[in-house]
Every structure is written in C-alpha cells, then in structure tokens.
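Undergrad: Can you read through this structure? Questions will come right after.
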Amino acid sequence: MSEATPRVAIVTGAARGIGAATAQRLAADGYAVAVLDLDEANTKETVQAIEGAGGTALGVGADVSDAEQVQAAVDRVAAELGPPVVLINNAGVTRDNMLFKMTEVDWDVVMNVHLRGAFLMARACQKYMVDAKFGRIVNLSSVSALGNRGQANYSTAKAGLQGFTKTLAIELGKFGVTVNAIAPGFIQTEMTKATAERMGIAFEDFIKGAASQIPVARVGQPEDIAHLVSFFVSEGAGFVSGQVVYAAGGPRA
Ligand SMILES: NC(=O)c1ccc[n+]([C@@H]2O[C@H](COP(=O)([O-])OP(=O)(O)OC[C@H]3O[C@@H](n4cnc5c(N)ncnc54)[C@H](O)[C@@H]3O)[C@@H](O)[C@H]2O)c1
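Residue 1376 is where the sequence shown starts when you use my numbering, and the numbers rise one by one after that.
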C-alpha cells in the first residue's frame, strides 16, 4: 500500500491458528494489525512475529461475545493504531455433541462467540468504515454450515454467519464496504487437534484420513485461509461482496 499511514485491521481470535496466520499476512500486506484474543498475554507471540518481520501490531484482550469489552477494544484500537477499516471475524470455539447430549450451555457458548461476537465487532467497527468510505469485513464460516454430525450448534452458527455476511453486504455496500465469508474445510490447527483428541484418534492419523478424502490430497494450513482473506480485503476486490468461498481443497465439503 502506498499511503503514509497504514490502514488498520482487526483480527479476532488471532493468538493462534488461522487468526494468527491472517494477522501476520495482513501485516505483511502493509496493514497495522490489532491482534485480538480472549487474553492479551496470549497475543504476544503473534504480535512479536509481526514486529519481528517489520510490521505494526497491537495486542488486545477481549471476549468478542461481551458488548462492553468489544466497545472498549475497538475504542482502544482506534486510539492507539487508527480507525479500524478491516475486520476479520475469526474467533471461534467448538462444543461438539450429538443433539441428545448437547447442553444449553454448549449451544449458547457457540452462538455467542460466533454470531453475537461477529455482530458486536461489526457494529462497533462499521462507523469507522463508513467514515472512511472504505471497509472490508471477512467472516469465518465453515464447511460445517452444510451440516456436520455432532455440530448442531456450530453448523447453525456457521450457516448464520453466511446470512449475516450477505445482509451486511447489502446494507454497507454503498459506503465502499464489502463483506464476504470464507468457509474452510479441514485446517490443521489446535481446533482440529482437539477434535482428534475428543475422537480418540492420533492427530497424524486424523490428518492422513482427512487428506485422503480431499481432492488436493492434503489438509489445509492456516496460511491457505490467510491468502484468501488477503484477497478479500485488497483494494482491488471492491466489486466482490456478499460471497461465501468454500476453501476446502475441492468442490465439496
Ligand atoms: N480449523 C478448522 O478446520 C476450521 C474449519 C472451518 C472453520 N474454522 C473457523 O476458523 C476460525 C479459526 O479457527 P482455528 O482453527 O484457528 O481455531 P483455534 O481454536 O486454533 O483458534 C481460535 C482462537 O479464537 C479465540 N477465541 C475463542 N473464543 C473467543 C472469544 N470469545 N473472544 C475472543 N477470542 C476468542 C481462541 O482463544 C483462539 O485463540 C474459527 O471461527 C473456526 O470456527 C476452522
């Protein structure tokens, strides 16, 4: 980017996994990046990686499902880095269980982090985007949006994020703001590692099994998703909005 002052991006859930890779990629692309996660101390590794590569980063602790914490975090980013005009709603959790065993807490936690979290973050950031007449929001959906055994809560939230994406694209388009969603397939992170553990399968075997079903014959890496985020937030992607791209190494989930 050619501007003297870099544009500011917020990546939620950026302490590790897809969020960490995305924060590092956007910093390499020239954005000043707010690395937001539940606990500020856990953002240190991502912040240091960005700074070590010559980029600008700010670690911010906040629970995206808490309205007050979200507002305070966005205010802090605006004050310390500048107006956030790029938002990546990446923070996520799983609480998998078959329907008959799923508790109300399992349901509510997943809805709150993914749906309430994306809503609160987008609502707090939109005024900066509207003021700038430029904005980019990317929401992390999942192939699970199409249905996945044991994930009634998660698949509902990830499908909900697709509706949220399309509606924001309609509401915010005239302000130069695009809103898109990425629906990853199997990505090698702590989240899929935890799933393997829950199923009692060694992570390497879980990865091997998943890769055998994927047309490109490998599982995804966080950088695969960061690359797509980089495209969606780029200046040149201004005519692409309200879309959901399935990044799963093949045409089907
Ligand atoms: N890994 C996959 O295969 C996969 C596939 C499809 C979609 N996704 C989605 O991509 C996103 C990132 O997944 P990942 O695999 O990197 O997961 P991860 O578990 O490795 O990282 C998620 C991060 O989100 C943070 N987080 C959780 N709740 C939060 C909250 N309330 N407020 C702020 N931060 C919070 C966690 O602390 C963690 O750092 C998630 O939305 C996930 O649902 C992942």
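Using N, Cα and C, we set each Cβ at its ideal position, and we do this for glycine too.
From the DSSP output, which residues share a beta bridge with Ile1385?
TA: Here residue 1385 refers to the residue found at position 10 of the sequence shown. Note: Ile1385 sits in a beta bridge opposite Ala1409 and Leu1462.
Undergrad: Is it buried or exposed for Ser1609, if we count other Cβ within 10 angstroms and need 16 for buried?
TA: Reading the sequence shown from its first residue, position 234 is the one you call residue 1609. Ser1609 should be labelled exposed.
Undergrad: For Lys1533, count the other beta carbons within 10 Å of its own beta carbon; 16 or more makes it buried, fewer makes it exposed. Which is it?
TA: For the purposes of this step, residue 1533 is taken as the residue at position 158 of the sequence shown. Its Cβ being crowded by 16 or more others within 10 Å, Lys1533 is buried.
Undergrad: State whether the stretch 1579–1593 contacts the stretch 1414–1423, with contact taken as three or more CB pairs (one from each stretch) at a distance under 8 Å.
TA: Because the criterion of three Cβ pairs below 8 Å is not met, the stretch 1579–1593 and the stretch 1414–1423 do not touch.
Undergrad: Pop quiz: Val1410 and Ala1432 are said to be a contact at Cβ under 8 Å. What is the actual Cβ separation, rounded to whole angstroms?
TA: The residue labelled residue 1410 in the question sits at position 35 within the sequence shown. The residue labelled residue 1432 in the question sits at position 57 within the sequence shown. 5 Å between Cβ atoms; contact.
Undergrad: Note down, one range per segment and in chain order, each beta strand (DSSP E) of at least 3 residues found wholly within the stretch 1551–1607.
TA: Qualifying beta strand (DSSP E) stretches, in chain order: 1552–1559.
Undergrad: Does the distance from the C-beta atom of Thr1553 to that of Asn1465 stay below 8 Å?
TA: Along the sequence shown, read from residue 1 onward, the residue named residue 1553 stands at position 178. Along the sequence shown, read from residue 1 onward, the residue named residue 1465 stands at position 90. Their beta carbons are not under 8 Å apart, which means Thr1553 does not touch Asn1465 by this criterion.
Undergrad: State whether the stretch 1529–1549 contacts the stretch 1572–1586, with contact taken as three or more CB pairs (one from each stretch) at a distance under 8 Å.
TA: The stretch 1529–1549 is not in contact with the stretch 1572–1586.
Undergrad: Reducing DSSP to helix, strand and coil, say where Arg1648 ends up.
TA: Nothing can be reported for residue 1648, as the shown portion of the chain is limited to 1376 through 1628.
Undergrad: Would you report the Cα separation of Lys1568 and Ala1437, rounded to the nearest angstrom?
TA: Locating residue 1568 in the sequence shown gives position 193, where the first residue counts as 1. Locating residue 1437 in the sequence shown gives position 62, where the first residue counts as 1. Computed Cα separation, rounded: 24 Å.
Undergrad: Quick one: what does DSSP say Ser1377 is sitting in, helix, strand or coil?
TA: Taking the first residue of the sequence shown as position 1, residue 1377 is located at position 2. Bear in mind that the predicted position of Ser1377 carries a pLDDT of just 48, short of 50, making it unreliable; the figure below should be weighed with that in mind. It is coil, neither helix nor strand.
Undergrad: Would you list the one or two residues that DSSP bridges to Val1505?
TA: Your numbering for residue 1505 matches position 130 in the sequence shown. In the DSSP output, where bridge partners are listed per residue, Val1505 has none listed.
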